[in-house]
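In what follows, a structure is listed as structure tokens, so that the remarks can point back to it.
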Amino acid sequence: TDLDNGCLLCSSCHDDVHHHGWDIIMGFDRHPWLVPPASIDPKRQPVPSYHRRTMRLDDTAA
Numbered sequence: 008t009d010l011d012n013g014c015l016l017c018s019s020c021h022d023d024v025h026h027h028g029w030d031i032i033m034g035f036d037r038h039p040w041l042v043p044p045a046s047i048d049p050k051r052q053p054v055p056s057y058h059r060r061t062m063r064l065d066d067t068a069a
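Take the working numbering: the last position of the sequence shown gets the number 69, and nothing is skipped along the way.
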């Protein structure tokens, strides 16, 4: 397990990932992107997640 590429999921999204063909990848922006199953998008194009964290641990205080 690599904590750097983990993300929190609600129970519904967790179920979608494990039982309904959805995947999650970490995007170029270091945020999770959702990959729909082929039944929804035959090309399986990743889409950015709706919720984005706005504060990062490496942010510096002014």
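Beta carbons are placed, not taken as given, at the ideal position from N, Cα and C, and that holds for glycine.
Backbone CA spacing between residue i and residue j [nearest angstrom]
i: P44; j: D22; result: 13 angstroms
i: N12; j: C20; result: 17 angstroms
i: H38; j: I31; result: 10 angstroms
i: V42; j: C17; result: 16 angstroms
i: N10; j: H27; result: Here residue 10 is Leu; the residue named in the question, Asn, does not match the sequence. Their backbone Cα atoms lie some 24 angstroms apart in a straight line.
i: S56; j: G34; result: 10 angstroms
Residue interval of the alpha helix (DSSP H) (run including residue i)
i: D23; result: S18 to H26
Residue span of the beta strand (DSSP E) that contains residue i, given as start and end
i: L41; result: P39 to V42
As assigned by DSSP and simplified to three states, the class of residue i
i: D30; result: strand
For residue i, the nearest candidate out of the options (CA to CA)
i: C14; options: P53, V54, W29 and W40; result: W40
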